[in-house]
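*Asks:* One structure, pasted below without further comment.
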Amino acid sequence: MASVSLDTINPKVLKCEYAVRGEIVTLAQALQEELKSKPGSHSFDEILYCNIGNPQSLGQQPITFFREVLALCDHPSILDKSQTRSLFSADAIKRARQILDQIPGRATGAYSHSQGIKGLRDTIAAGIEARDGFPADPNDIFLTDGASPAVHLMMQLLIRSEKDGILCPIPQYPLYSASIALRGGTLVPYYLDEAAGWGLEVSELKKQWADAKSKGITPRALVVINPGNPTGQVLAENNQREIVDFCKKEGLVLLADEVYQENVYVPEKKFHSFKKVARSMGYGEKDISVVSFQSVSKGYYGECGKRGGYMEVTGFGPEIREQIYKLASVNLCSNISGQILSSLVMSPPKVGDESYESFSAEKDGILSSLARRAKTLEDAFNTLEGVTCNKAEGAMYLFPCISLPEKAIKAAEAVKTTPDNFYCRRLLNATGIVFVPGSGFRQAPGTWHCRCTILPQEDKIPAVVSRLTEFHRSFMEEFRE
Amino acid sequence: MAPRALDYESLNENVKKVQYAVRGELYLRASELQKEGKKIIFTNVGNPHALGQKPLTFPRQVVALCQAPFLLDDPNVGLLFPADAIAKAKHYLALTAGGLGAYSDSRGMPGVRKEVADFIERRDGYPSDPELIFLTDGASKGVMQILNTIIRGESDGVLVPVPQYPLYSAAISLFGGSLVPYYLEETENWGLDVNNLRQSVAQARYKGITVKAMVIINPGNPTGQCLSESNLREILRFCYQENLALLGDEVYQQNIYQDERPFISARKVMMGMGPPISKEVQLVSFHTVSKGYWGECGQRGGYFEMTNIPPKTVDEIYKVASVSLSPNVPAQIFMGLMVNPLKPGDISYEQFIRESKGVLESLRRRARMMTDGFNSCKNVICNFTEGAMYSFPQIQLPPKAIEAAKRAGKVPDVFYCLKLLEATGISTVPGSGFGQKDGVFHLRTTILPAEEEMPEIMDSFKKFNNEFMEQYDDRSGYSRM
Chain R
1 MASVSLDTIN PKVLKCEYAV RGEIVTLAQA LQEELKSKPG SHSFDEILYC NIGNPQSLGQ
61 QPITFFREVL ALCDHPSILD KSQTRSLFSA DAIKRARQIL DQIPGRATGA YSHSQGIKGL
121 RDTIAAGIEA RDGFPADPND IFLTDGASPA VHLMMQLLIR SEKDGILCPI PQYPLYSASI
181 ALRGGTLVPY YLDEAAGWGL EVSELKKQWA DAKSKGITPR ALVVINPGNP TGQVLAENNQ
241 REIVDFCKKE GLVLLADEVY QENVYVPEKK FHSFKKVARS MGYGEKDISV VSFQSVSKGY
301 YGECGKRGGY MEVTGFGPEI REQIYKLASV NLCSNISGQI LSSLVMSPPK VGDESYESFS
361 AEKDGILSSL ARRAKTLEDA FNTLEGVTCN KAEGAMYLFP CISLPEKAIK AAEAVKTTPD
421 NFYCRRLLNA TGIVFVPGSG FRQAPGTWHC RCTILPQEDK IPAVVSRLTE FHRSFMEEFR
481 E
Chain C
1 MAPRALDYES LNENVKKVQY AVRGELYLRA SELQKEGKKI IFTNVGNPHA LGQKPLTFPR
61 QVVALCQAPF LLDDPNVGLL FPADAIAKAK HYLALTAGGL GAYSDSRGMP GVRKEVADFI
121 ERRDGYPSDP ELIFLTDGAS KGVMQILNTI IRGESDGVLV PVPQYPLYSA AISLFGGSLV
181 PYYLEETENW GLDVNNLRQS VAQARYKGIT VKAMVIINPG NPTGQCLSES NLREILRFCY
241 QENLALLGDE VYQQNIYQDE RPFISARKVM MGMGPPISKE VQLVSFHTVS KGYWGECGQR
301 GGYFEMTNIP PKTVDEIYKV ASVSLSPNVP AQIFMGLMVN PLKPGDISYE QFIRESKGVL
361 ESLRRRARMM TDGFNSCKNV ICNFTEGAMY SFPQIQLPPK AIEAAKRAGK VPDVFYCLKL
421 LEATGISTVP GSGFGQKDGV FHLRTTILPA EEEMPEIMDS FKKFNNEFME QYDDRSGYSR
481 M
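Respectively, the protein sequence lines represent chains R and C. For the record, in the first sequence the residue sitting at position 209 is 209 according to the UniProt record's numbering, with numbers rising by one throughout. For the record, in the second sequence the residue sitting at position 460 is 460 according to the UniProt record's numbering, with numbers rising by one throughout.
Okay, structure coming up:
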């Protein structure tokens, strides 16, 4: 019997699931091939990928200033050429020089310090301080290939066995469930309240925490995704204070996924980092452990392919920092270009900088467009029969609730799939639109949802809306009692 | 107060067990000394650009253009970039799914994977399937992924050469498996004796361990030896007989400094042996952009190629890769450029060849200089660096030195290396970080310091070593008899 086969591989690998790139996407890719090889074989002529927060794959443009700086750092020998000044803005040249001066030997091709280049961490710490009004220590920052590896690292540290529990919001971004499964831990769900705008009730946290303990699980950490994914809610500050108090009291590590911090679309809400909230309550390093995750993949920059991000780890002793450093060092370091981008994101052009005007225009253009698309799609979902959709206050997704008729639920059972997956498959085959079934994120039992990104370009949104509306109408007709 | 989740006692034990000396005690001490103003020569990690090796010009031009594609529309772009770089940038941008800022396929861009497959076919003479090639953020991530797939628990063993590159021991610890050592023969030029393998496997099985895979590092790290074709055939036969998956770390395949044993891939040998071995042995081969003559460590670009792995297992590996979304896109382009290099007639070809040859020929000279330099030192014997980037001299520490080390609470080679560091600023990695036979001590240094500085470095080492040996010589001072 072969050594590496399904019967003999790590069972935790088998347990791990990640719907964002799961079955529906595989089907979509197959359809895409068919569209190429047999044009006209379907009633639609393109696949509209609304499954993944990957803005630039759908036409969002990168921020010019950031790309100028990165290009110059990739090829520094042109910095001294006169022609460079005609191709690049002066402040991009200046920033690239500044960054290169912080890199030993100006060598962007060398492994850096395992936490990331010190000068870049200084910049990021300054950016965090400017954002929050509380100091940040560059030694608390670990630059990683995207936020995801940082999450994996913390799970590795925290999970000893299946007796270790991590509290996760339901619905959640399935990186958390997958990572917990890979490490053999237990996901302890706490349910967000759909009727209250996906609100997070501390009473629910306490209930689930106590429930887990009664089953012999040791809760170790609480994951909060703010702004939420897939749910899009932005937490109110007093809510955040309750959560901080809860973690402090129960000795839980607060894992704050804050990658959507720049994606807030409603004037009545603001992003507040959990570290800021904790510090403003007077809680310091000895009171609470907070890990904050940030990424270059989201916001207005949407640089998913660069794999840049960091975690800021506060409230733990030097022995733990040693262990985190040790784990980071096995992979040597994260990619340098991603590190540079993280520093740019946390310290973008300021008023007075040559590129500020054009940078601002690009940023505002993207953010206002995202807000418009969020609203258009939210309204569209709410016109559909049996569908309610909470507002996307932030992030990049809508998570409508679909009341599927009994007949549809039975039809799904007959083909051995979940009702929401059944709906999404039908939607894909009829319209070419790719949603992710709510089961991929988990949901309150007996409810069905799908996750749809707000990322197709504005000129494609009418097509999404009309195709979706037509499909839904005929689906509900077909499965009417 | 109850133990908190991030208190040292409550951490995952597997994390605590991990050791990674390459960035361990010596490196941390060297960094401290550097902060105090001492000149340090970092020879602890294979990081060529950090020691002055310049990046190859052409790939940097291409990636810079890909970072800032608006340059391609500028009429002045030809003043700074040659036409073939512009053409290549367009070629790679067309292969992306929305430029450098979009997540690619979780396995890497299909177009680049095809280029990798073509490279493998040209190199070996046997076709390779792009669907079985996964690009990763550095080869290390790929190694971690594969080991995590194979290891179920502590009764799963992986054969690892001693001395080894400690990524393997670290990963095995982290995933809770068992490292099964097989000793390379220093007196036989670090040769691999199949009898040693058999013995190691038998001992492991006697302890109740299921040996599942075997790692070979060819060319070796830290030992530098290049495996002969007959050696590789023996290894493959052994893996076939003992039902072991073979993990071929071939990241140094471009770094060959002798002509008797050119690089030959494990896959080529395996295919050449025909069935049943060519059809049954499960092989995973690893490569990177970090080594060779490219030395682009900071990009974090690598791949693994699977042969004879069942499709369902490949699916599981793909699934886990998708949780991290995608490898970084700029590094994928570096990989494409590496496996699909310039051809005679291309505008930049001459420069590319000149730069590449320059690096390789200098490495060959430095390999010789270092080996000879070490062999001229008292109580030091050093095998020739046939390949890779390291020298691994054996330091015959006198008993008095070993006692002094014990008194200082240090492992003997750590003691020696710390003294070397304090005296000369040369930062090495003690042999204990790689594993060695009991009572035999080594250190690992790279051959990467600039050629002009080599004579001075070797003189500095010789002076320190000979003084050290004088100091701890049995015949000096009082006799212990």
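By construction, the Cβ of each residue, glycine as well, lies at the ideal position given by its N, Cα and C atoms. Computed from a prediction, not measured in an experiment: that's the story for all the values here.
Tell me which residues share the same chain as residue 318 (chain C) and place their Cβ nearer than 7 Å to its Cβ, disregarding the 5 neighbours each side in the sequence.
*Replies:* Correct list, in chain order: 106 and 107.
*Asks:* Please compile the residues from chain C whose C-beta is within a distance smaller than 8 Å of the C-beta of residue 38 (chain R).
*Replies:* Near residue 38 (chain R) there are no residues of chain C at all, since even the closest Cβ is about 20 Å away, more than 8 Å.
*Asks:* Of all the residues that make up the segment 135 to 159 of chain C, which are near chain R by a beta-carbon distance shorter than 8 Å?
*Replies:* Per Cβ criterion, the list reads 137, 138, 140, 141, 144, 148, 149, 150, 151 and 152.
*Asks:* Look at the Cβ atom of residue 307 (chain R), then the Cβ atom of residue 338 (chain R), and state whether they are nearer than 8 Å.
*Replies:* Cβ distance < 8 Å, so residue 307 (chain R) and residue 338 (chain R) count as in contact.
*Asks:* Which chain R residues are close to residue 310 (chain C), counting only those with a beta carbon under 9 Å from its beta carbon?
*Replies:* Going along chain R in sequence order, the residues near residue 310 (chain C) (Cβ under 9 Å) are 2, 4, 5 and 6.
*Asks:* Check residue 346 (chain R) in the structure and name its three-state DSSP category.
*Replies:* Looking at residue 346 (chain R) - three-state DSSP - the assignment turns out to be coil, as it is neither helix nor strand.
*Asks:* Just tell me which of R:187, R:236 and R:211 has its CA closest to the CA of residue 222 (chain R).
*Replies:* When each option's Cα is compared against that of residue 222 (chain R), the closest is R:187.
*Asks:* For residue 400 (chain C), would you say it is in contact with chain R, using Cβ-to-Cβ distances shorter than 8 Å as the test?
*Replies:* With 8 Å as the cut-off, residue 400 (chain C) does not count as an interface residue toward chain R.
*Asks:* Could you work out which residues of chain R lie near residue 305 (chain C), taking near to mean beta carbons separated by less than 7 Å?
*Replies:* Within 7 Å Cβ-Cβ: nothing; residue 305 (chain C) doesn't reach chain R, min ~14 Å.
*Asks:* Can you find a C-beta in chain C that's less than 8 Å from the C-beta of residue 303 (chain R)?
*Replies:* Residue 303 (chain R) counts as touching chain C.
*Asks:* What is the rounded straight-line gap between the Cα of residue 286 (chain R) and the Cα of residue 245 (chain R)?
*Replies:* Each residue's Cα considered, the two are about 14 Å apart.
*Asks:* List the DSSP bridge partners of residue 461 (chain R).
*Replies:* DSSP output for residue 461 (chain R) lists no bridge partner at all.
*Asks:* How about the segment 360 to 371 of chain C and the segment 384 to 400 of chain C: do they share at least three Cβ pairs that are nearer than 8 Å?
*Replies:* Touching, per the Cβ criterion.
*Asks:* Can you give the beta carbon distance from residue 123 (chain R) to residue 346 (chain R), rounded, assuming they're within the 8 Å contact cut?
*Replies:* With a Cβ gap of about 7 Å, residue 123 (chain R) and residue 346 (chain R) count as contacting.
*Asks:* Are the C-beta atoms of residue 20 (chain C) and some chain R residue less than 8 Å apart?
*Replies:* Chain R, which has a Cβ nearer than 8 Å to the Cβ of residue 20 (chain C), makes this yes.
*Asks:* So residue 74 (chain R) contacts chain C; which residues on that side make the cut at Cβ distance below 8 Å?
*Replies:* Near residue 74 (chain R) (Cβ distances below 8 Å), the residues of chain C are 60, 63, 64, 67 and 330.
*Asks:* Just checking my contact of residue 192 (chain C) with residue 158 (chain C) at CB under 8 Å: how many whole Å lie between their CB atoms?
*Replies:* Contact doesn't hold; Cβ gap of about 16 Å is too wide.
*Asks:* Is residue 254 (chain R) close to chain C? Criterion is C-beta to C-beta, closer than 8 Å.
*Replies:* Chain C contact via Cβ: absent.
*Asks:* Going straight from the alpha carbon of residue 440 (chain R) to that of residue 322 (chain C), what length do you get?
*Replies:* Taking the straight line from one Cα to the other gives about 14 Å.
*Asks:* Only counting the same chain, and skipping five residues up and downstream in sequence, which positions put a Cβ closer than 7 Å to that of residue 300 (chain C)?
*Replies:* The residues are 137, 138, 328 and 331.
*Asks:* Rounded to whole angstroms, what's the CA-CA distance from residue 169 (chain R) to residue 198 (chain R)? Just pull it up for me.
*Replies:* Their backbone Cα atoms lie some 10 Å apart in a straight line.
*Asks:* Tell me residue 420 (chain R)'s beta-bridge partners as DSSP assigns them.
*Replies:* In the DSSP output, where bridge partners are listed per residue, residue 420 (chain R) has none listed.
*Asks:* Counting pairs of Cβ atoms below 8 Å between the segment 314 to 332 of chain R and the segment 175 to 191 of chain R, do you hit three or more?
*Replies:* With a cut-off of 8 Å, the segment 175 to 191 of chain R and the segment 314 to 332 of chain R do not count as touching, because too few Cβ pairs lie within range.
*Asks:* Looking at the strands, I want to know which residues DSSP matches up with residue 444 (chain C).
*Replies:* Answer by DSSP bridge pairing, in chain order: C:429.
*Asks:* Tell me which residues share the same chain as residue 560 (chain R) and place their Cβ nearer than 7 Å to its Cβ, disregarding the 5 neighbours each side in the sequence.
*Replies:* Only positions 1 to 481 of chain R appear in this structure, which leaves residue 560 (chain R) out of reach.
*Asks:* I want to see whether chain R comes within less than 8 Å of residue 285 (chain C), judged by CB atoms only; does it?
*Replies:* Judged by the 8 Å Cβ criterion, residue 285 (chain C) is not in contact with chain R.
*Asks:* Quick check: the Cα distance between residue 453 (chain C) and residue 347 (chain C), rounded to an integer number of angstroms?
*Replies:* Taking the straight line joining both Cα atoms gives about 33 Å.
*Asks:* When the Cβ atoms of the segment 420 to 433 of chain C are set against those of the segment 461 to 471 of chain C, are three or more pairs found closer than 8 Å?
*Replies:* Yes, the segment 420 to 433 of chain C is in contact with the segment 461 to 471 of chain C.
*Asks:* Assuming residue 78 (chain R) contacts residue 337 (chain C) (C-beta within less than 8 Å), just tell me the rounded distance between them.
*Replies:* With 8 Å as the limit, residue 78 (chain R) and residue 337 (chain C) do not qualify as a contact, their Cβ atoms being about 18 Å apart.
*Asks:* Measure how close the beta-carbons of residue 43 (chain C) and residue 445 (chain C) come, nearest whole angstrom, since I'm counting them as under 8 Å.
*Replies:* Between residue 445 (chain C) and residue 43 (chain C) the Cβ distance is about 4 Å, and since that is below 8 Å, they are a contact.
*Asks:* With three or more C-beta pairs closer than 8 Å as the rule, is the segment 391 to 410 of chain R touching the segment 214 to 234 of chain R?
*Replies:* Yes: at least three Cβ pairs fall under 8 Å.
*Asks:* Suppose you measure from the CA of residue 266 (chain C) to the CA of residue 234 (chain R); what does that come to, to the nearest Å?
*Replies:* About 53 Å.
*Asks:* Along chain R, which residues have their Cβ under 7 Å away from the Cβ of residue 91 (chain C)?
*Replies:* None at all; the shortest Cβ gap to chain R is about 17 Å.
*Asks:* Work out the CA separation of residue 374 (chain C) and residue 479 (chain C) for me, nearest whole Å.
*Replies:* Annotation note: pLDDT 46 at residue 479 (chain C) (below 50); position unreliable, coordinate value reported separately. Cα to Cα, the separation comes out at about 28 Å.
*Asks:* Distance check for residue 227 (chain C) and residue 270 (chain C), CA to CA, integer angstroms please.
*Replies:* Using only the alpha carbons, I get a separation of about 14 Å.
*Asks:* Would you say the beta carbon of residue 254 (chain R) comes nearer than 7 Å to a heavy atom of the ligand ADP?
*Replies:* Ligands displayed in this structure: none; no statement on the ligand ADP is therefore possible.
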